[in-house]
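Working notes for the structure below.
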Amino acid sequence: MTPDVILAGFAAILTPERLAIAFLGCFAGTFFGVLPGLGPVTAIAVLFPITTYLDPVSGILMLAAVYYGGMYGGSTTAILLNIPGEVSSLPAALEGYPLTKRGRAGAALATAAVSSFVAGVVGTIGVMIIGPTLARVALAFGPPEQFGLILFALTAISGLVAGSLVKGLAMAVLGILLSIVGYDAISGAQVMTFGSWTLAQGFSVVPVMIGLFGIGEILKTLVQRNADVKVPAVGSLLPTRDERRAAVGPTVRGTFQGFFLGLIPGMLPSITSFLNYSWERRRAERRGNSQFGKGAIQGIAGPEAANNGAAMGGFVPLFSLGIPTGPSMALILAALLVYGLVPGPMLFTQEAEFTAGVLASFLVANVILLVLNLPLVGLWAKIAKVPFSIMGPIVIVCCLIGSLLERNSMFDVGVCAAFGFIALLLDRAKLPLAPLVMGFILGPSFQETMRQSFTMSPTFFVERPIFMAFALAAAATVVFAILRAVRTARAQRAPAQVALVRQ
1 MTPDVILAGF AAILTPERLA IAFLGCFAGT FFGVLPGLGP VTAIAVLFPI TTYLDPVSGI
61 LMLAAVYYGG MYGGSTTAIL LNIPGEVSSL PAALEGYPLT KRGRAGAALA TAAVSSFVAG
121 VVGTIGVMII GPTLARVALA FGPPEQFGLI LFALTAISGL VAGSLVKGLA MAVLGILLSI
181 VGYDAISGAQ VMTFGSWTLA QGFSVVPVMI GLFGIGEILK TLVQRNADVK VPAVGSLLPT
241 RDERRAAVGP TVRGTFQGFF LGLIPGMLPS ITSFLNYSWE RRRAERRGNS QFGKGAIQGI
301 AGPEAANNGA AMGGFVPLFS LGIPTGPSMA LILAALLVYG LVPGPMLFTQ EAEFTAGVLA
361 SFLVANVILL VLNLPLVGLW AKIAKVPFSI MGPIVIVCCL IGSLLERNSM FDVGVCAAFG
421 FIALLLDRAK LPLAPLVMGF ILGPSFQETM RQSFTMSPTF FVERPIFMAF ALAAAATVVF
481 AILRAVRTAR AQRAPAQVAL VRQ
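So in the working numbering, the last spot in the sequence shown is 503, and the numbers never skip.
Given below as structure tokens:
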């Protein structure tokens, strides 16, 4: 990607209309993020239909801004109210809320914002550097290599995220089955429609995603939420010199750890956030001056940087290979497909100006997020007090309207509502949602590349070295997931055995 193309991307973004879109995206994302139980995935799902009326660059700009805003909003309520907006914000709650009780909420919020900003900027530069290189490598990929990559992505997300490998793989297979309902693209035959002309139109991405992450998350929160919170005083936003010095190292380490881990399918921002928190805590304990658990600024700076670094890292395989690393990336992939843009090597060549504009929008969104949200901290804290019994139904209505607008079909409204209840049932059954989403998004490509590979050669799986490498990586992921499950089971049995011996 040449400097001229990058400059053209910035010129395309730095217009009043697109700056306004970025502003609204950051505001809306943060609004959803401060509502406990909701987060960036829910925000993207709810606002997804609106972006389809925008041009591709503006649409992806808004989704990216919503994504960043949602992640920042979760850390805001975690620090102020001890209510993590999402899983990745839990470290911010563990260390930020003790600081809030000591009157240092403003410093904690400023540290989280600056760390996220630094990780976002560095991550964007990383995407600009690594993305085109990886795209050139991907030019050598044929159907067998793409099939192997998709297989690895599905296995990784199932094994690393789901907790239970069996449950994860089962959900991935279910997602693939749901994705092929309707007309077969090659034969034209109806698949899994049971003779229904309604099902023959298939499940569109928009209502399914809105149902799973919009209505589903709201239903879960309505069932679980019953909290009355008190908004504390924010105090000064300026960290002390010692706090600034303590935050620099964790921010740098978290940025690079998060970015490179984020390149791996299954390494969600929440996972990298917890990994960094664990590393920083062990590092502080080895030095003998750990304040972790009592309000360590390192426990905010590092995980927040890792969180945003992983979010940026996920764009590299998405743009270069067309592989989403998690649900948020899967939603953005769905948006690209709606616009008729196919992620992959051609995105950095034939669509270079579009890609440059999108990457420029990431930098713009991070700057707007930093400038916008720090002055509005008090507002976000008050919004978190709004009873969810009022806010939830309003958002559900918006979700249903959004699902209707995509194809102007009442069938899609029913699909949206049905998948919302499915998400609630899966949560109650402790079944993972991420593999289901990945299977649904990647299902058509999985089926197509598998057919093409077997058509090229019935023994392609022993003839293509790159496919074999991905297959071995998938097998290694399965083995790792099994070993982790065995270790967890042993750790859970150990206390029970000790108790029996004492009796």
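Ideal Cβ placement from N, Cα and C applies to all residues, glycine included.
For residue i and residue j, which I take to be in contact (beta-carbon distance under 8 Å), what is that distance rounded to the nearest angstrom?
i	j	result
P207	C416	4 Å
E280	Q298	5 Å
L165	A481	4 Å
A45	I210	5 Å
A93	A107	About 16 Å; that fails the 8 Å criterion.
A474	T155	4 Å
E243	T111	7 Å
G214	C399	4 Å
F411	Q201	7 Å
G29	G74	Wrong, their Cβ atoms sit about 10 Å apart, outside the cutoff.
V413	L405	Wrong, their Cβ atoms sit about 10 Å apart, outside the cutoff.
F470	L149	5 Å
Y68	G120	7 Å
G33	L222	The pair is not a contact, with the Cβ atoms about 18 Å apart (cut-off 8 Å).
Where DSSP assigns a beta bridge to residue i, which residues make up the other side?
i	result
G182	V191
Please classify residue i: is it buried, with 16 or more other beta-carbons within 10 angstroms of its beta-carbon, or exposed?
i	result
L514	The shown model of the chain, from 1 to 503, leaves out residue 514, and the question about it has no answer.
S196	exposed
E463	exposed
Q350	exposed
T488	exposed
A352	buried
Y53	exposed
P269	buried
R245	exposed
L14	exposed
F31	buried
S278	exposed
T455	exposed
I401	exposed
M128	buried
T133	exposed
T459	exposed
D4	exposed
A365	buried
R490	exposed
Could you tell me the distance, in whole angstroms, from the CA atom of residue i to the CA atom of residue j?
i	j	result
P49	G288	52 Å
P250	A301	6 Å
T240	S328	35 Å
G188	V181	12 Å
S116	G439	30 Å
N307	L374	19 Å
G258	V248	15 Å
G314	T325	6 Å
F419	R283	44 Å
G322	P144	15 Å
I368	A22	7 Å
F467	T477	15 Å
L318	R104	38 Å
V395	F421	15 Å
L379	L212	28 Å
V397	L24	20 Å
L376	I271	28 Å
I130	V137	11 Å
L341	V316	16 Å
A135	L80	42 Å
K178	S453	Correcting the residue type first, residue 178 is Leu in the shown sequence and not Lys. Taking the straight line joining both Cα atoms gives about 22 Å.
A485	L90	23 Å
V479	F152	13 Å
N408	G123	38 Å
L19	L169	41 Å
L47	V57	16 Å
L442	Q291	44 Å
M450	F461	11 Å
F263	A310	The sequence shown places Leu at residue 263, rather than the Phe named in the question. So the alpha carbons of these two residues sit roughly 7 Å apart.
F256	L275	13 Å
F348	T51	22 Å
P16	I390	34 Å
Y339	F446	21 Å
A296	A113	16 Å
Is there a Cβ from chain D that is less than 8 Å from the Cβ of residue i?
i	result
S75	In the structure shown, chain D cannot be found, because there is only a single protein chain.
For the pair the stretch 41-61 and the stretch 95-112, tell me if three or more CB-CB distances fall below 8 Å. no
Would you call the stretch 433-441 and the stretch 167-180 in contact, with 3 or more CB pairs under 8 Å? yes
Touching by the beta-carbon criterion (3+ pairs, under 8 Å), the stretch 306-322 and the stretch 408-427: no
Taking 8 Å as the cut-off, does the stretch 358-365 touch the stretch 5-23 (at least 3 CB pairs, one atom from each stretch)? yes
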